[in-house]
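Chemist: Here's a structure for you.
There are 2 protein chains.
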Amino acid sequence: MNVLQNQQARLVLASASQVRATLLRSAGLSFDVVPSTVDEDIVKTTLRRDNQDTTASDIAVVLAQTKATDVSRREPQALVIGADQVLFCDGRFYDKPRDMDDARNHLLSLKGKTHTLHTAVACAQDEAVLWYQDAQVSLTMRDFSNDFLGRYIAQNGSDLLTSVGAYKLEGTGAHLFEHIEGDFFTVLGLPLVPLFAFLRQKGAIVT
Amino acid sequence: MNVLQNQQARLVLASASQVRATLLRSAGLSFDVVPSTVDEDIVKTTLRRDNQDTTASDIAVVLAQTKATDVSRREPQALVIGADQVLFCDGRFYDKPRDMDDARNHLLSLKGKTHTLHTAVACAQDEAVLWYQDAQVSLTMRDFSNDFLGRYIAQNGSDLLTSVGAYKLEGTGAHLFEHIEGDFFTVLGLPLVPLFAFLRQKGAIVT
Chain A
1 MNVLQNQQAR
11 LVLASASQVR
21 ATLLRSAGLS
31 FDVVPSTVDE
41 DIVKTTLRRD
51 NQDTTASDIA
61 VVLAQTKATD
71 VSRREPQALV
81 IGADQVLFCD
91 GRFYDKPRDM
101 DDARNHLLSL
111 KGKTHTLHTA
121 VACAQDEAVL
131 WYQDAQVSLT
141 MRDFSNDFLG
151 RYIAQNGSDL
161 LTSVGAYKLE
171 GTGAHLFEHI
181 EGDFFTVLGL
191 PLVPLFAFLR
201 QKGAIVT
Chain B
1001 MNVLQNQQAR
1011 LVLASASQVR
1021 ATLLRSAGLS
1031 FDVVPSTVDE
1041 DIVKTTLRRD
1051 NQDTTASDIA
1061 VVLAQTKATD
1071 VSRREPQALV
1081 IGADQVLFCD
1091 GRFYDKPRDM
1101 DDARNHLLSL
1111 KGKTHTLHTA
1121 VACAQDEAVL
1131 WYQDAQVSLT
1141 MRDFSNDFLG
1151 RYIAQNGSDL
1161 LTSVGAYKLE
1171 GTGAHLFEHI
1181 EGDFFTVLGL
1191 PLVPLFAFLR
1201 QKGAIVT
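For the record, the sequence lines run as chains A and B.
Under the numbering used here, the first residue of the first sequence is numbered 1, with each subsequent residue one higher.
Under the numbering used here, the first residue of the second sequence is numbered 1001, with each subsequent residue one higher.
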C-alpha cells in the first residue's frame, strides 16, 4: 500500500545504497532502484583539478546531479533521485574506504576530531536537473581505545566499506561519537524533508 | 556477537518500545526487555498537581527515573535503562493517543506548528538512579491537507498509537514535517550518545 504517492509518478532511486532505499521504502514510497554507472572518482578528480576551491558541498551536489541525470537518460519520464555524501575533516576529503585497512585508517584519523558530512540530493527528469539541495551535519568522534577499534572492526566487517565514514549511525556507529549535531536524514544520506517538499510540488506525493 | 559489551554487565531495558529495543540491538548490545508497570498517568497527574511549574523535561526525567528504579527492584544488580518522551506544543502536554480519533486530533492540533519533544533517559541499579540525562528536539509540522491526513492514517493504522506524536520519523513521519532540528536518537526516543558515555564509565561497554 502506498497511498501517499501519486500512482502516475514513477520514481527511480539512482543509488545502490541500502540505507537510502530503506528510508524511502519506510516512508511508504514505491520506486525502482537503478544505480548510476558514473565513475565517481573521475568526477571528483576532475572537479578538484579544475578548481582548487572546490568544496565538499560542491562535490556532493555535482555527484548527486550527475548520478540523477545519468540514470534519467535510461529512464525516460521518471523522476530520478540522486544523492551523494562527502566527508570532510581537517582539510581532507574522505572517500568510501577501499578495503579494511583503509577503513581502519579512516577511523584512526577521524578519532578525537569533529568532521562534517555534506549530503546532497538531486532530482532529474529526462536528463535535466529539476531540483537539488545540500545540507551538512557535524559529528565529533570520541577518543576510543585500540581495543575498541579492533572489536568495532570485527563486529562490522566489510559493512564498514559501504559508508563514507566507515560507520553506520543506525547500527554500531553510536559507540564512536561523543557529539552529533544535525538532521537525522542528512546523517543517513538522504535528506527526506526537503526531498518530499519537492516531490509534493511536482505532484508525485500527496500534499 | 556483541564484542562491544562487557559480558559481566547485565543490561535491562525498562521499556516496551520496539524502536528503543531496535536502536540498542542495532548498536550491538545484548539486554533483556522488562517493561515497567508504573502507572504513567498517575505520575504525570501528581507531578502537575503538586507543581504548577512542572516542565515537559521534568515529566520526562521523573518518568524515565521511575521506570528504571521500578524495574531495578525486580532485577537485582542489573543496569536498568528507563526512558520517556514528552511532547509539548502551545502550552499543552501531549500523551500517546488513546485511539484513532485521538491520533487524528493530535495531528490536527500539531499541524502547521512547531512542537518540542523532550526525551529523557535514566539508568538505575538496585533501586538507585545512577545517572540521567534529558534532551530536546524541535519539529515543525507542515500544513498538510485533509486528504493527506486521511491517507496517512489509513497507511499507518494503530501503529500511530505507539508514539507520543502519532508519527514515526523512521517510517512515514517524514511526510509530515517541513523542518526538524535536533539529534537523531533524541527524536527516536533514546539518546544513545550520552547513554553510551555513561555505560562506558560504568565499564558496561568497551571504551
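Every residue, glycine too, gets a C-beta built ideally from N, C-alpha and C.
Tell me the rounded alpha-carbon separation between Ala-83 (chain A) and Val-1206 (chain B).
Modeler: Here residue 83 (chain A) is taken as the residue at index 83 of the first sequence, counted from 1. Here residue 1206 (chain B) is taken as the residue at index 206 of the second sequence, counted from 1. Their Cα atoms are separated by approximately 34 angstroms.
Chemist: Leaving out five residues on either side along the sequence, give the residues of the same chain with a beta carbon under 8 angstroms from the beta carbon of Lys-44 (chain A).
Modeler: The residue given as residue 44 (chain A) occupies position 44 in the first sequence. Taken in chain order, the residues that qualify are Ile-59, Leu-63, Phe-93 and Asp-95.
Chemist: Are Leu-1087 (chain B) and Leu-1117 (chain B) closer than 7 angstroms when you measure CB to CB?
Modeler: Start at 1 with the first residue of the second sequence, and residue 1087 (chain B) comes out as number 87. Start at 1 with the first residue of the second sequence, and residue 1117 (chain B) comes out as number 117. In this structure, Leu-1117 (chain B) lies closer than 7 angstroms to Leu-1087 (chain B) by Cβ.
Chemist: Can you list, in chain order, the residues of the stretch 162-190 of chain A whose Cβ is nearer than 9 angstroms to any Cβ on chain B?
Modeler: Flagged, chain order: Lys-168, Leu-169, Glu-170, Gly-171, Thr-172, Gly-173, Ala-174, His-175, Phe-177, Glu-178, His-179, Ile-180, Glu-181, Gly-182, Asp-183, Phe-184, Phe-185, Val-187 and Leu-188.
Chemist: Name the two residues that bound the continuous beta strand (DSSP E) containing His-106 (chain A).
Modeler: Working through the first sequence from its first residue, we reach residue 106 (chain A) at position 106. Premise fails: His-106 (chain A) lies in the alpha helix (DSSP H), 100-110, not in any beta strand (DSSP E).
Chemist: Just the chain A side, please: which residues come within less than 7 angstroms of Leu-1192 (chain B) by C-beta, in chain order?
Modeler: Within the second sequence, residue 1192 (chain B) is the residue found at index 192, counting from 1. Ala-174, listed in chain order.
Chemist: Excluding five sequence neighbours on each side, which residues of the same chain lie with their C-beta closer than 7 angstroms to the C-beta of Tyr-1026 (chain B)?
Modeler: The count along the second sequence starts at 1 and reaches residue 1026 (chain B) at position 26. It is worth fixing the name first, because residue 1026 (chain B) is Ser in this sequence and not Tyr. Excluding positions up to five away in sequence, the list is empty.
Chemist: For Glu-181 (chain A), which beta-bridge partners are listed by DSSP?
Modeler: Along the first sequence, read from residue 1 onward, the residue named residue 181 (chain A) stands at position 181. BP columns for Glu-181 (chain A) point to A:Ser-138.
Chemist: The alpha helix (DSSP H) spanning Leu-149 (chain A) covers which residue range?
Modeler: Taking the first sequence and counting its residues from 1, the one referred to as residue 149 (chain A) is at position 149. First-last of the alpha helix (DSSP H) with Leu-149 (chain A): 146-156.
Chemist: Using the beta-carbon of each residue, which ones in chain B are nearer than 8 angstroms to Ser-145 (chain A)?
Modeler: The residue labelled residue 145 (chain A) in the question sits at position 145 within the first sequence. Within chain B, the residues near Ser-145 (chain A) are Val-1206 and Thr-1207.
Chemist: Considering only C-alpha positions, which residue in the set B:Arg-1098, B:Asp-1099, B:Pro-1097 and B:Ile-1153 is nearest to Gln-3 (chain A)?
Modeler: By 1-based counting over the first sequence, the position of residue 3 (chain A) is 3. A small fix is needed here, since residue 3 (chain A) is Val in this sequence, not Gln. Comparing Cα-Cα distances from Val-3 (chain A) to each of B:Arg-1098, B:Asp-1099, B:Pro-1097 and B:Ile-1153, the minimum goes to B:Ile-1153.
Chemist: Within 10 Å of its beta-carbon, does Thr-1069 (chain B) have 16 or more other beta-carbons around it, so buried, or fewer, so exposed?
Modeler: In the second sequence, residue 1069 (chain B) corresponds to position 69, counting from 1. The residue in question, Thr-1069 (chain B), is buried, as its Cβ has 16 or more Cβ neighbours within 10 Å.
Chemist: Can you give the beta carbon distance from Thr-186 (chain A) to Thr-119 (chain A), rounded, assuming they're within the 8 angstroms contact cut?
Modeler: Indexing the first sequence from 1 puts residue 186 (chain A) at position 186. Indexing the first sequence from 1 puts residue 119 (chain A) at position 119. About 5 angstroms; that satisfies the 8 angstroms criterion.
Chemist: From the DSSP output, in three-state form, read off Asp-32 (chain A) for me.
Modeler: What you label residue 32 (chain A) is simply residue 32 of the first sequence in a count that begins at 1. Here Asp-32 (chain A) sits in strand by DSSP.
Chemist: According to a CB-to-CB cut-off of less than 7 angstroms, which residues of the stretch 1003-1034 of chain B neighbour chain C?
Modeler: Of the protein chains in the structure, A and B, none is chain C.
Chemist: Closest to Ser-109 (chain A) by CA distance: which of A:Glu-181, A:Leu-190, A:Val-71 and A:Ala-166 is it?
Modeler: Numbered from 1 along the first sequence, position 109 holds the residue referred to as residue 109 (chain A). Closest option to Ser-109 (chain A), Cα to Cα, is A:Ala-166.
Chemist: Report the neighbours of Ala-154 (chain A) on chain B: residues whose CB is nearer than 7 angstroms to its CB, in chain order.
Modeler: Here residue 154 (chain A) is taken as the residue at index 154 of the first sequence, counted from 1. In chain order: Val-1003.
Chemist: Exposed or buried, which one is Lys-1067 (chain B) when buried takes at least 16 other CB atoms within 10 Å?
Modeler: Here residue 1067 (chain B) refers to the residue found at position 67 of the second sequence. By the neighbour-count rule (16 or more Cβ atoms within 10 Å), Lys-1067 (chain B) is buried.
Chemist: Need the endpoints of the alpha helix (DSSP H) that Gln-65 (chain A) sits in, please.
Modeler: For the purposes of this step, residue 65 (chain A) is taken as the residue at position 65 of the first sequence. 56-74 is the extent of the alpha helix (DSSP H) around Gln-65 (chain A).
Chemist: Going by alpha carbons, who is nearest to Ser-36 (chain A) out of A:Gly-28, A:Ser-15 and A:Asp-159?
Modeler: What you label residue 36 (chain A) is simply residue 36 of the first sequence in a count that begins at 1. Ser-36 (chain A) has its Cα closest to that of A:Ser-15, out of A:Gly-28, A:Ser-15 and A:Asp-159.
Chemist: Who are the Cβ neighbours of His-179 (chain A) in its own chain at under 6 angstroms, not counting the five residues just before and after it?
Modeler: For the purposes of this step, residue 179 (chain A) is taken as the residue at position 179 of the first sequence. Cβ neighbours of His-179 (chain A) beyond the five flanking positions: Thr-140.
Chemist: For my contact list, Arg-1020 (chain B) and Gly-1189 (chain B) are in at a C-beta cut-off of 8 angstroms; report their separation, rounded to the angstrom.
Modeler: Along the second sequence, one-based indexing puts residue 1020 (chain B) at 20. Along the second sequence, one-based indexing puts residue 1189 (chain B) at 189. Arg-1020 (chain B) to Gly-1189 (chain B), Cβ: 6 angstroms. Contact.
Chemist: Mapping the DSSP letters down to three states, classify Gly-82 (chain A) as helix, strand or coil.
Modeler: Sequence index remark: in the first sequence, residue 82 (chain A) carries index 82 (1-based). Three-state DSSP puts Gly-82 (chain A) in a strand.
Chemist: Spatial neighbours of Pro-1076 (chain B) within its chain, please: C-beta separation below 7 angstroms, excluding the five flanking residues on both sides.
Modeler: The residue labelled residue 1076 (chain B) in the question sits at position 76 within the second sequence. Asp-1126.
Chemist: Strictly under 7 angstroms for the Cβ-Cβ distance: is Phe-93 (chain A) near chain B by that measure?
Modeler: For this step, residue 93 (chain A) is matched to residue 93 along the first sequence. Not an interface residue.
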